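Protein chains: 2
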Amino acid sequence: MSHNSLDLARTLHQSGHRLTPQRQIILDTLCETGGHVTVAELYERVHGRFPAIDRSTVYRALDFFGALGLVSAAGIGGATVYEVAGQGEHGRHHHLVCRDCGDIGHVPDDLFDDFAARLRDDYGFVADADSLTISGLCRDCGVGRGEGGKG
Amino acid sequence: MSHNSLDLARTLHQSGHRLTPQRQIILDTLCETGGHVTVAELYERVHGRFPAIDRSTVYRALDFFGALGLVSAAGIGGATVYEVAGQGEHGRHHHLVCRDCGDIGHVPDDLFDDFAARLRDDYGFVADADSLTISGLCRDCGVGRGEGGKG
DNA sequence: CTGAGTGCAAACGCTTTGCAGACAG
DNA sequence: CTGTCTGCAAAGCGTTTGCACTCAG
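So, in structure tokens, the structure goes:
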């Protein structure tokens, strides 16, 4: 967890904003969950412990932290999921979404480099290094399915 | 345009469904547009010429053609866009979405093969061959931006 | 004829917003 | 004190659904 209250407070003040308990709770809860969370799930958790906190506050906090670069959002399978940005050493990464179990895995940026280079060379398209979402079958769900993945 | 009325009618009958003017119009309009269209845009066009056609009919037709594999949907930048599946020789392809001008380009499947192979080898993840959406800057918008593509 | 498909309108789920009051600074 | 932020409640947006009627087959 890389955001202790003091650092966070300072960061917020730099941009002329405030550190409220709600924001701390929401960010903490997001950190605890670790992975990708929908607003609904996050609100469940937050609201479970602090019933006074409203859905709209969660939305606003998520949006707010997003603008600060502390939280990143990804649209996966129609739903919007949030995660703490730059978790640990992960830095940039892409998402592997299993279409079977819904699990979301990470791939480091560099695996994508070759592909991105070809995109640039052949199409003149400079791909963003993050927020790439790849759907498919994860290791567990893909086992014993044969080569049906291409069909 | 690869769907003349007779072929289409036959295809539908095979699955025990009907060919209605609404469906023809909606599919035709989608073909005319050529690229990626939102339901709103498609409805605009369809409804412009045939005011009696309802939004829900557009949704249902799109869903219906999707189930038949004639139309494919992709969630891009929070919006859902539709296109005729397997347009010409394109077959499987991925989407290059320019974050600047919003333009959507295509990349053939095979460019993705190496990346997919590494995903499979290193992560045991069998990527679906289509519906991959890559955000970035297209040739036009990327020009004159410096080499900041990685940062 | 028969029932798949349509138009209508209302419901739906997720997200945003206007407002008055609350509280961090 | 100031004005940012909150909770509430209601609106907004895109999408789905129940219903009676219509029309393709």
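Chains G and A, in that order, give the protein sequences.
Take the first sequence: its letters are residues 1416 to 1566, numbered as in my numbering.
Take the second sequence: its letters are residues 1416 to 1566, numbered as in my numbering.
Don't be surprised by glycine CBs; every beta carbon is placed ideally from N, CA and C.
Source: prediction; values computed, not measured.
| request: Pull up the CB-CB distance for A/T1548 and A/A1494, whole angstroms please, since I reckon it's below 8 Å. | output: Contact check for A/T1548 and A/A1494: beta-carbon distance about 11 Å, past the 8 Å limit, so the pair fails to qualify.
| query | Is the beta carbon of G/D1520 sitting closer than 8 Å to the one on A/F1540? | reply | A small fix is needed here, since residue 1520 of chain G is Gly in this sequence, not Asp. Their beta carbons are under 8 Å apart, which means G/G1520 touches A/F1540 by this criterion.
| said: Output needed in chain order: residues of the region 1538-1554 of chain A with a Cβ under 8 Å from some Cβ in chain G. | reply: Residues passing the 8 Å Cβ filter: Y1538, G1539, F1540, V1541, A1542, D1543, A1544, S1546, L1547, T1548, I1549, S1550, G1551, L1552, C1553, R1554.
| query | Should G/G1484 be flagged as near chain A, meaning a C-beta pair shorter than 8 Å? | reply | Judged by the 8 Å Cβ criterion, G/G1484 is not in contact with chain A.
| message | Tell me the rounded alpha-carbon separation between G/I1440 and G/C1446. | response | When rounded, the distance between both Cα atoms is 10 Å.
| Taking DSSP as the reference, what is the three-state secondary structure of A/G1539? | Of the three classes helix, strand and coil, the one that applies to A/G1539 here is coil, per DSSP.
| field | Residues bridged to A/P1523 (per DSSP) | value | A/P1523 pairs with A/H1508.
| message | Within 8 Å, do at least three Cβ pairs link the region 1469-1479 of chain A to the region 1508-1516 of chain A? | response | With the cut-off at 8 Å, the region 1508-1516 of chain A and the region 1469-1479 of chain A do not touch.
| query | If you scan the region 1444-1490 of chain G from start to end, which runs of the alpha helix (DSSP H) of 4 or more residues do you find wholly inside it? | reply | Counting only runs of 4 or more, we get 1454-1464, 1470-1483.
| query | chain G beta carbons: is any one of them nearer than 8 Å to that of A/G1450? | reply | No - not a single Cβ of chain G is within 8 Å of the one on A/G1450.
| query | Could you give the C-beta distance for A/S1550 and G/D1537, rounded to a whole number, given that I count them as a contact under 8 Å? | reply | Rounded, the Cβ-Cβ distance is 17 Å, inconsistent with contact.
| said: Report the CB separation of G/H1508 from G/V1522 in whole angstroms; it is logged as a contact under 8 Å. | reply: At roughly 6 Å, the Cβ-Cβ gap stays under 8 Å, so G/H1508 and G/V1522 are in contact.
| request: Determine the DSSP secondary structure at G/L1552, reduced to helix, strand or coil. | output: Note: G/L1552 maps to strand in three-state DSSP.
| query | Got a sec: is the Cβ-Cβ distance from A/D1529 to anything in chain G below 8 Å? | reply | With respect to chain G, the C-beta atom of A/D1529 has a partner C-beta closer than 8 Å.
| Nearest to A/G1449 by alpha carbon, out of A/E1498, A/V1512, A/I1491? | The shortest CA-to-CA distance from A/G1449 to any of A/E1498, A/V1512, A/I1491 is the one to A/E1498.
| Own chain partners of A/A1500 with C-beta closer than 7 Å, once the 5 adjacent residues on each side are dropped | Counting only Cβ-Cβ distances below 7 Å, and skipping sequence neighbours, we find G1484, L1485, V1486, S1487.
| said: Does chain G have any CB closer than 8 Å to the CB of A/G1490? | reply: Yes, because at least one Cβ of chain G sits closer than 8 Å to the Cβ of A/G1490.
| said: On the CB-based measure, 16 or more other CB atoms within 10 Å of its CB, does G/A1455 come out buried or exposed? | reply: Looking at its Cβ environment, which holds fewer than 16 other Cβ atoms inside 10 Å, G/A1455 is exposed.
| task | Would you list the residues sitting across from A/C1513 in a DSSP beta bridge? | result | Residue pairing by DSSP places A/C1513 opposite A/G1551 in a beta bridge.
| message | Below 7 Å, is the gap between the Cβ of G/A1455 and the nearest heavy atom of the ligand GTP? | response | Absence of the ligand GTP is noted for the structure shown, with no ligands found whatsoever.
| message | Per the DSSP calculation, A/T1495 is bridged to which residue(s)? | response | DSSP, once it has assigned bridges, lists A/G1490 as partnering A/T1495.
| In chain A, what lies closer than 8 Å to G/L1526 by C-beta? | The answer, in chain order, is F1530, R1533, L1534, D1537.
| request: Select from the region 1466-1480 of chain G all residues with a C-beta closer than 9 Å to any C-beta belonging to chain A, and list them in chain order. | output: Residues of the region 1466-1480 of chain G that bring their beta carbon within less than 9 Å of a beta carbon in chain A are absent altogether.
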